[in-house]
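Notes follow once the structure below has been shown.
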Amino acid sequence: MSRQPRAELAKAVLHEARKLVADHGLAALTARTLAQAVGCSVGTLYNLYPNLDTVRLHLNAELLDRLQVVMKAADDAVPPDAAVETRLLALANAYLTFARSNLNLFQTLIDNRPPVLTEPLPDWLLERIVRLRRGIEMAVTPLIPNASPDRLERAAATTWAAVNGLVEGIVSGNLAPVSSADPEVMMAELVETLAAGLRVRG
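With the first letter of the sequence shown counted as 1, position 34 gets the number 34 in the UniProt record's numbering; the numbers rise by one all the way through.
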């Protein structure tokens, strides 16, 4: 193994992996290319991380940390007395802007090829996902003030899933054949529809 301390070398691996994906896309993240970028052997790489999917999960954790900061800033910028739709739209648009600005790295979140889907997510990644979901829970609570914790969690998760689906469609270009509408207009339509549905159901 390199004479670099193990912790420093592990950080270097993530740094180079992040750079490879950001500059060249997820397909560029191979064991050989990553090891060359770090200046270590492939064997050393696998002593630090058991496989490339583990590296991807760590990149996802970093990305979710950054997204959490962006979402909090968007939430803080909304006046306390603003309509729920205004707050939700601010959060949704912040997410869309973040995905557009980090397009290649965002691909590591939405490209769920095996074995990522067949293995349980590590707790340290789940904790980050839960933090984001709780932010959505707080935003939708005024729409369903009497909801049980389970109902609130489902509502937040469903809202997040719907927004995430639209964001994926927008950044991938897959929505272009379906609609020529401006993405921000579509996002506003989605948020208004989701909020109206939650408000009616109570």
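Each residue gets a CB set at the ideal place from its N, CA and C atoms; glycine is no exception. From a predicted model like this one, the values you see are computed outputs, not experimental measurements.
{"query": "Helix, strand or coil at Arg6 according to DSSP, with G and I counted as helix", "result": "helix"}
{"query": "Residues of its chain near Thr141, where Cβ-Cβ distance is below 8 Å and the 5 sequence neighbours each way are ignored", "result": "Ala147, Leu152"}
{"query": "Simplified DSSP state of Gly169, which is helix, strand or coil", "result": "helix"}
{"query": "Endpoints, the alpha helix (DSSP H) within which Gly135 is located", "result": "123 to 140"}
{"query": "DSSP state of Asp182 mapped onto helix, strand, coil", "result": "coil"}
{"query": "Enclosing alpha helix (DSSP H) for Ser101 [first to last residue]", "result": "84 to 101"}
{"query": "For Asn174, three-class secondary structure by DSSP", "result": "coil"}
{"query": "Residue ranges of each alpha helix (DSSP H) within the UniProt domain \"HTH tetR-type\" (7 to 67), 4 or longer", "result": "31 to 38, 42 to 48"}
{"query": "Cβ-Cβ distance between Val13 and Leu45 below 8 Å", "result": "yes"}
{"query": "Classification of Met187 by the beta-carbon crowding that lies within 10 angstroms, buried from 16 upward", "result": "buried"}
{"query": "7 Å Cβ shell around Ala156 - same chain, five flanking residues per side excluded", "result": "Arg133, Ile136, Glu137, Val140"}
{"query": "Leu96 vs Val167 beta-carbon contact at 8 Å", "result": "yes"}
{"query": "Supposed contact pair Ala82 and Val191 - C-beta distance, whole angstroms, cut 8 Å", "result": "The Cβ separation is near 13 Å, so there is no contact."}
{"query": "Euclidean distance between Cα positions of Thr159 and Val130", "result": "14 Å"}
{"query": "For Val42 and Tyr49, believed in contact at Cβ under 8 Å, the rounded distance", "result": "Tyr49 to Val42, Cβ: 11 Å. No contact."}
{"query": "Thr149 in three-state terms, based on DSSP", "result": "The amino acid occupying residue 149 in the given sequence is Pro; Thr does not appear at that position. If DSSP states are grouped into helix, strand and coil, Pro149 belongs with the helices."}
{"query": "Backbone secondary structure at Val78 - three-state DSSP", "result": "coil"}
{"query": "Contact belief for Val21 with Thr108 at Cβ below 8 Å, rounded distance in angstroms", "result": "6 Å"}
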